[in-house]
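Just add 326 to the spot in the sequence shown (first one is 1) and you have the numbering used here.
Below you'll find the structure, written out as C-alpha cells, and then a few comments.
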Amino acid sequence: MPYDAPGRADELTDELRARWNETVARAYETQAAALKTRFFSLDPCALREPRRSDAVKWPGDPGKPAFCVGEQMARKLADWGLAGRRAVQLEYCEYMTVNARDASGALRPKRVEVTTEFREFWSCIAMHDPDRVRAMATQVLGAEPSWPELYGVADPHALTPEAREIAFGHACAGHGNDRRLRVAGVPAQPTGRLNTERALFMTHPINGIDDLIYVVLFGAHAYAVDERGARRRAGGDDLFSAFGVQHLACNHSDPTISLGTYDVVYDGAQVAIADPLGMYIRRPNLELFSHRGAALPDDWVSLHRGVEGHHQRLVFGPPDAHDAFLDDITISVGAADEPLTGGYQLLRELEIGPYLEYGTTDPIGEDEWEVIAPATAAIACNEADSCKAVRALAARYEAEHAGRAAPRTMRTPEPPAPPGS
Numbered sequence: 327m328p329y330d331a332p333g334r335a336d337e338l339t340d341e342l343r344a345r346w347n348e349t350v351a352r353a354y355e356t357q358a359a360a361l362k363t364r365f366f367s368l369d370p371c372a373l374r375e376p377r378r379s380d381a382v383k384w385p386g387d388p389g390k391p392a393f394c395v396g397e398q399m400a401r402k403l404a405d406w407g408l409a410g411r412r413a414v415q416l417e418y419c420e421y422m423t424v425n426a427r428d429a430s431g432a433l434r435p436k437r438v439e440v441t442t443e444f445r446e447f448w449s450c451i452a453m454h455d456p457d458r459v460r461a462m463a464t465q466v467l468g469a470e471p472s473w474p475e476l477y478g479v480a481d482p483h484a485l486t487p488e489a490r491e492i493a494f495g496h497a498c499a500g501h502g503n504d505r506r507l508r509v510a511g512v513p514a515q516p517t518g519r520l521n522t523e524r525a526l527f528m529t530h531p532i533n534g535i536d537d538l539i540y541v542v543l544f545g546a547h548a549y550a551v552d553e554r555g556a557r558r559r560a561g562g563d564d565l566f567s568a569f570g571v572q573h574l575a576c577n578h579s580d581p582t583i584s585l586g587t588y589d590v591v592y593d594g595a596q597v598a599i600a601d602p603l604g605m606y607i608r609r610p611n612l613e614l615f616s617h618r619g620a621a622l623p624d625d626w627v628s629l630h631r632g633v634e635g636h637h638q639r640l641v642f643g644p645p646d647a648h649d650a651f652l653d654d655i656t657i658s659v660g661a662a663d664e665p666l667t668g669g670y671q672l673l674r675e676l677e678i679g680p681y682l683e684y685g686t687t688d689p690i691g692e693d694e695w696e697v698i699a700p701a702t703a704a705i706a707c708n709e710a711d712s713c714k715a716v717r718a719l720a721a722r723y724e725a726e727h728a729g730r731a732a733p734r735t736m737r738t739p740e741p742p743a744p745p746g747s
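Shown next, in the form of C-alpha cells:
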C-alpha cells in the first residue's frame, strides 16, 4: 500500500510512512469483513488503467441541522464555538472562529480556521515522532507549543509509543472511537487548549478515516433494483432504505461518497482512494467576498497543509496586523449582501472531498448483482427521531442565548412601539 502523508504536507521517513499505512490498513480492516467487495482496492496501484477523479465533493457546511431546525438555526448551531464544532460539524470539515477585541473593546470575529485533516494521521505521528508532530503544530499555530500542551507531560520522549498516543489523545485528539483508547480512558474529545481554542485538525469521531472507508465500501457493490422483473440502477432512497441506514442520506458527504462510488461500480469499474489519502479543500469562489467594495487582499485567504489541489487547511479573514474584522467582509448571497459573521457562511461556498481512482475490472457476473427492493417512500431527513439530538441542541442554544444583545452586525431590530399604541 503506497499512501504518502495526506496532502503531501509532510516529509515522512520510510518508517513513518509504514506506520501511517498500518493505520490506514487497520481502519480498513474494521469495515472490510462486513462490506467485502472486489470492486474496492485499498491499493490504488493495483487498479488496471486507473483514472483519477475529482467528482466526489460536497459543500462543507453541516447538512443535517438545516433539515431538522431550518437554515437560520443551523447557522447559529454550527457557529456556536466549540459546542457547535463538536455537535454538528460532521462533513469531514471542522472550523473555529478566532475572536479579537476591536478598538472599542467589543469582542468580534477576526477570522475562520478550517481544517479537514484526519486525527488518525496526527495521532500516528504523535505516537512515533514527537518532534515532528510538534513541528507540524508549530506550522499550523504560528508558535511552538510546549510538550505539556501537546501531550500533557513534560517529556513525551520518555513514554512508550502507546503511552504517547494516549497522552496526545487526552490533550489534542480525543479517542476517535478507537476501542483501545476508550479502554485507556481517553475522552471522545480532547481537553487541551490547542485543539479546542483553535482548529488544529479534526477530532469528531465521525470525521475519521474508518468512516470514509465505510461509505466508500458501502457504495462499492453491484447493487440493482428489481422493479417489475427489470433491473435498474439504484437511487439514494433505494440504497439507504434497503440497508436501514437512512441517516446516511441526511448530510452532504455520505451520500455523495457512497453514490459517487456506486455509480462507477454499476458501470463496471473498480474503485480506490487516491494517493495521498486525505480530505481536500477546493479553492473558494472569492468573487462572492469583498471588503469595502473591493476584492479581498491576498493575505486574507490562505490555504495550507498540502500541495496545490490537496490543501487541508484554510485560514480566512484579516491578519492580526490589520484593523478589519471578519464581519467587515461582505458575502453576496443570491441578490443580497450580508456580513460574514462565522464559518457556516464560508463553508457553504467551499467544496470538500477526497480524490478517487477508478480502474477497469472484469464484467459484473450475474451472481454478483445484489438485488434490492425499491424504496417505498422518500427518506424524510426532518423525521422526529433522527432530529432529536439536533432539536435538543437548538433548545439548549435558545436557552443559553435568551435575552442576550445581538451582535453589531446583525440586522437592527424594529424600534419599540410608542407608548399607548
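Heads up, the beta-carbon is just placed ideally off N, CA and C, and yes, glycines get one too.
Since this is a predicted model, take the numbers as computed values, not measurements.
**Q.** Minimum C-alpha distance to residue 580 - residue among 540, 619 and 673
**A.** Residue nearest to residue 580 within the set 540, 619 and 673 is 540 (criterion: CA-CA distance).
Q: Check whether the stretch 530 to 537 touches the stretch 444 to 456, counting contact only when three or more Cβ pairs, one atom from each stretch, lie closer than 8 Å.
A: Yes, they touch.
Q) Is it right to say residue 736 is buried, meaning 16 or more other beta carbons lie within 10 angstroms of its own, or is it exposed? A) Here the model assigns residue 736 a pLDDT of 43, short of 50, so the residue's position is not dependable and the matter cannot be decided.
Q. With 16 as the cutoff for other CB atoms within 10 Å, does residue 651 come out buried or exposed?
A. Answer is buried; the Cβ neighbour count reaches 16.
Q | Local conformation of residue 552 per DSSP, three classes | A | In the structure shown, residue 552 adopts extended strand secondary structure according to DSSP, grouped into three states.
Q. Which of helix, strand or coil does DSSP assign to residue 566?
A. Reduced to three states, the DSSP call for residue 566 is helix.
Q: For the stretch 331 to 359, list the alpha helix (DSSP H) runs that are entirely contained and at least 4 residues long, ordered along the chain.
A: Fully enclosed alpha helix (DSSP H) runs of 4 or longer: 340 to 358.
Q) By Cβ distance, which residues of its chain are closer than 7 Å to residue 406, with the 5 residues on each side in sequence left out? A) Excluding its 5 nearest sequence neighbours in each direction, residue 406 has C-beta neighbours in its own chain below 7 Å: 723, listed in chain order.
Q: If I'm right that residue 417 touches residue 389 with Cβ under 8 Å, what's the distance once you round it to whole angstroms?
A: Confirmed, about 7 Å.
Q. At a cut-off of 6 Å, is residue 544 close to the ligand HEM when judged by its beta-carbon and the heavy atoms of the ligand?
A. This structure lacks the ligand HEM, and indeed carries no ligand of any kind.
Q. Among all the DSSP beta bridges, which residues are the ones paired with residue 476?
A. According to DSSP, residue 476 bridges with nothing at all.
Q.
Can you check which of these residues, 365, 349, 358 and 352, is closest to residue 589 by C-alpha distance?
A. Nearest option by C-alpha distance: 365.
Q) So the alpha helix (DSSP H) residue 488 belongs to, where does it begin and stop? A) It spans 487 to 494 - the alpha helix (DSSP H) in which residue 488 sits, taken as one unbroken run.
Q: Just the C-alpha distance for residue 596 and residue 375, rounded to the nearest angstrom, thanks.
A: C-alpha separation (whole angstroms): 10 Å.
Q) Straight-line CA distance for residue 640 to residue 709? A) Cα to Cα, the separation comes out at about 34 Å.
Q) Which residues in the same chain have their Cβ closer than 7 Å to the Cβ of residue 601, if we skip the five residues on either side of it in sequence? A) Same-chain partners within the cutoff: 328, 329, 330 and 370.
Q.
Out of 643, 619, 606 and 545, which one is the CA nearest neighbour of residue 598?
A. Here the closest residue by C-alpha is 545.
Q. Quick one, are the C-beta atoms of residue 477 and residue 463 less than 7 Å apart?
A. No, the pair does not count as a contact, with Cβ atoms beyond the cut-off.
Q.
Please classify residue 742 as buried or exposed, where buried requires at least 16 neighbouring CB atoms within 10 angstroms.
A. With a pLDDT of 45 at residue 742, under the threshold of 50, the predicted position of this residue should be treated as unreliable, though the coordinate-derived value follows. So residue 742 counts as exposed.
**Q.** Nearest-angstrom Cβ-Cβ length linking residue 441 and residue 527, presumed shorter than 8 Å
**A.** With 8 Å as the limit, residue 441 and residue 527 qualify as a contact, their Cβ atoms being about 5 Å apart.
Q: Quick one: give me the first and last residue of the alpha helix (DSSP H) that residue 383 is part of.
A: Run containing residue 383: none; DSSP gives neither H nor E here.
Q | Helix, strand or coil at residue 324 [DSSP, three-state] | A | No statement about residue 324 is possible, as the shown extent of the chain runs from 327 to 747 and does not include it.
(Q) Tell me the DSSP secondary structure of residue 582 in three-state form. (A) Residue 582 falls in the helix class under three-state DSSP.
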